[in-house]
Each structure stands twice: as structure tokens, then as C-alpha cells.
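Numbers given in my numbering equal positions in the sequence shown, counted from 1, plus 588.
We put the beta carbon where it would ideally sit given N, CA and C, even for glycine.
All values reported here derive from a predicted model rather than from experimental measurement.
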Amino acid sequence: MADNTLTATHPPAAFTPRQIAGFYFKPCLDDEGEPTGNKTCKACGKCRKHSNGTGYTNLVSHLRSAHPNFEVGMTNASAAATGTLVSWVSQKASNRYPWLRWIVMSNLPLSFCEYTNLPAVAVDILRVNMESVTRAVKKVIGTEMPKKIGLILDGWSYDTEHFLAVYGYYKTSDGPQYPLLSMAPVMQEADDNLTADSHMAAIARFLPFFCHRLNLAVMRFLEPHEEDQENVQVLMRKLRTLKEAARLRAKTPLLPVPRQETRWSSTFAMLDRYVRLREFLSADDDEIADLLPSRSTHRSLQTLLEEMKDIESISKKLQSDGLTLLQARELFDGLLELNPSFASYLGT
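(1) As an exercise, report each continuous beta strand (DSSP E) stretch of at least 3 residues that is fully enclosed by the stretch 744 to 773, in chain order.
(2) Taking the straight line between their C-alpha atoms, what separation do you get for glutamine 848 and glycine 625?
(3) As a quick exercise: from Ala724, Leu647, Asp618 and Lys627, pick the residue whose alpha carbon is nearest that of threonine 604.
(4) Exposed or buried, what is phenylalanine 920 when buried is set at 16 or more other beta-carbons lying within 10 Å of its beta-carbon?
(5) Going by DSSP, what residue range makes up the beta strand (DSSP E) through asparagine 626?
(6) What residue does the alpha helix (DSSP H) around leucine 893 start on, and which one ends it?
(7) May I ask you to report which of helix, strand or coil DSSP gives glycine 940?
(8) Could you check the C-alpha separation between aspartate 742 and leucine 752 for me, to the nearest Å?
(9) I'd like the list of long-range same chain contacts for isoleucine 902, defined as Cβ closer than 6 Å, with 5 residues on each side in sequence excluded.
(10) Report yes if the C-beta distance between methionine 824 and proline 846 is below 8 Å; otherwise report no.
(11) Grouping DSSP H, G and I as helix and E and B as strand, with all else coil, what is lysine 736?
(12) How far does the alpha helix (DSSP H) with lysine 614 in it reach, from first residue to last?
(13) Please report the straight-line C-alpha distance between tryptophan 690 and proline 697, rounded to a whole angstrom.
(14) Could you pull the DSSP bridge partners for leucine 741 from this structure?
(15) Do you know how far the Cα of glutamate 832 is from the Cα of lysine 826?
(16) Compute the Euclidean distance between the alpha carbons of threonine 645 and leucine 651, then round it to the nearest angstrom.
(17) I'd like to check one pair, tyrosine 612 with cysteine 629: are the Cβ atoms closer than 8 Å?
(18) Please check the pair arginine 684 and asparagine 717, which I expect to be a contact at CB under 8 Å, by giving their CB distance rounded to whole angstroms.
(19) Any idea if serine 932 is buried or exposed, counting beta-carbon neighbours within 10 angstroms, 16 or more meaning buried?
(20) Do the CB positions of leucine 688 and valine 728 come within less than 8 Å of each other?
(21) Does the separation of the CB atoms of glutamine 821 and leucine 810 fall below 8 Å?
(22) Quick one: what's got a C-beta closer than 8 Å to methionine 858's C-beta in the same chain, skipping five residues either side?
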């Protein structure tokens, strides 16, 4: 029986042969300054044959044998000179990353990449890239995560759907880490068990439902103000661009806070940050002058923010430990006194 020889697979190279040759070798010139067809190693001064249009195997093999740690030298030199490794990232990856960030951070559909004036990227390719990034992030999290971790549960509602996210919690040398481990809609299967214990368990499940009803009420409450909210969202995105962010940093440490479509609490955070930033935003800035809300709209947003502060306070109390059904009902009754329009969702 023939022997099977197992050969260890080399890890993927951090740099391409062309990048390596360009970093470590320079043309060897004659006395008249003309190329001789050789390349000189900058590390040891030895000459190796290399003609234009040929590969770089001869040059790279010299480095592997004479300077086995050449990749470490390239990495350290690049980081020390520029503080970044961007110069070694391929153009393809450099173009694809902004696409991923734009789609994810702006909550855009994947098909958006095929309907812009920018060079198009196929949806299938973008999906494959996202899956690859997900696997890479999982690997990084799994490597740094200790054997014992804490778990944080966070729920929110969007329209009639209720979602639950699970975050990990652990500490590293860089400080506390809170990676998202899982996120899915909450599903409740039918149960025919009608014992007293099951009845008490069902009542206990109603408490999270109070938060769900509040979320639905707030989403309906915010609908008439959607246009003003979207205008503030556009302003916040503009303030996060390089030029506007630099101008804002010179005036205040406060950063723009855009909202997330699935969380009304992020709308509250966005409006709160807008009101606090307004005094630092000048109508003389041509870049944002057309995006600034009018005086009447600004007053309307301030009023909306004050009303949402009461809702935010009650929302936090509903998530407190030891809350009873009676206490939740009393909180809703108090909110109904302030805003009777919530009755369709919060009424008895």
C-alpha cells in the first residue's frame, strides 16, 4: 500500500510577492546608472536576478531563506511610519469595506448597492462578504472570550414583532467587552397546561409584554413627527462626515447620534443630542445651513423631546427588577394621564 505523505499547509501570506519585492529590493545599477537586470536586497546587500515582466519567486525565496522574519519587518515598518496597515490592504478590500459599512450602519437593503451612481457591487458578492466578515468576527470573539462570561439580555419591539438580543460580557486588557452573541424574534408556542403553576408562569410573562405595548404606543405617537425626525437624522449623518465632525470637535466634545429605525429610544437619544448640539451649529456654515430645522420646527422638536422624557423614564422603570403587574399598571395609568392618545395600546 502506498504511503500517504501529509504536508503542512502554509498559512495565507500577509503580503503579495509584488509588495514584498517592492519593499525589500531595489534595482541594481551600473556605473552609468543603467539597470543591470538584477535586484539588490536592502537587508543584506546581495544581488538576485530579476527581469521586468517576470515573477518574484527568485526574490521571495531569498528572503525566506536569508530573512525568515521579513513579514514581521514589513508590518512593523508600515505601522511605525504611518500608524496604519492600509497601504498593504488590497484595493478590492478597501473598496468593499466602505460598502459593507454603508449598508449596515445606514440600515439599507442589500439591493441598494446595485442602484447608485457609484460602481456597482453584486448583491450576491456583498452577501458573501458579510458572511465572511461574520465568520472572522466570530473567530476573533471566540479566541478572546474566557471560559466564564456574563450574559446581558436586551429586548425591543418593531411594529408587532418583539426581538431579544443576547450579549456576552467579559474583561480583556483593553477593558470590558460586550459582543453580540445572538439576536432573534421572540416566539411563544401554544401550551395546553392549565395548572396553577403554568397560570402563574403565564402571568409572569405578561410583564415583558407591558414594554412591548409601550413600544407600539410610542411608535404610533411618533408617526406624525416622522418628517422632522428624518430631517434631524439627515443632519446627524452630515455632522458625522470628516469635515463637519472636525468642525464640531473644535467646539464641543459632544458627538452626533443618529437613530436606529428599530428602537424608539434611539430617536429620543438623537433628539436629545440635537437639542444639546444646536447652539454649536451655525447657519453660516453653507454645508449644513439647508439642513438646520427652522425655528418653529426646532420648538416643535423641543416639545416632543420633553414629552418623550416621561416615556423614557417609565420605560426604564418597566425594566427594573422586582416590578409587579400592579406597579406596571400604575405606571401606564400615570402615562395615560399625561398622554391620553396612548389609550388604544395602554388602556385597561
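Judging by the given coordinates:
(1) Runs of the beta strand (DSSP E) inside the stretch 744 to 773: 749 to 760, 763 to 765 and 768 to 773.
(2) Their Cα atoms are separated by approximately 59 Å.
(3) Closest in C-alpha terms to threonine 604, from the list Ala724, Leu647, Asp618 and Lys627, comes Leu647.
(4) Phenylalanine 920 is buried by the Cβ-count criterion.
(5) 623 to 629 is the span of the beta strand (DSSP E), which, as asked, contains asparagine 626.
(6) Run containing leucine 893: 883 to 906, per the alpha helix (DSSP H) assignment.
(7) Because residue 940 is not part of the residues shown, which for the chain are 589 to 936, the question remains open.
(8) Looking at the two C-alpha atoms, the distance is approximately 6 Å.
(9) These residues qualify, in order along the chain: Leu919 and Leu923.
(10) In this structure, methionine 824 places its C-beta atom within 8 Å of the C-beta atom of proline 846.
(11) Looking at lysine 736 - three-state DSSP - the assignment turns out to be coil, as it is neither helix nor strand.
(12) Bounds of any alpha helix (DSSP H) do not take in lysine 614; it lies within the beta strand (DSSP E) bounded by 613 to 617.
(13) The alpha-carbon of tryptophan 690 is positioned some 10 Å away from that of proline 697.
(14) In DSSP, leucine 741 forms a bridge with Val754.
(15) Spanning the two alpha carbons is a distance of roughly 7 Å.
(16) So the alpha carbons of these two residues sit roughly 10 Å apart.
(17) Taking the C-beta atoms as reference points, tyrosine 612 is found nearer than 8 Å to cysteine 629.
(18) Under the criterion of beta carbons closer than 8 Å, arginine 684 and asparagine 717 qualify as touching, at roughly 6 Å.
(19) The residue in question, serine 932, is exposed, as its Cβ has fewer than 16 Cβ neighbours within 10 Å.
(20) With contacts defined as CB atoms closer than 8 Å, leucine 688 and valine 728 fail to qualify as a contacting pair.
(21) The answer is no: Cβ separation not under 8 Å.
(22) Gln817, Val820, Gln821, Met824, Val845, Pro846 and Arg847.
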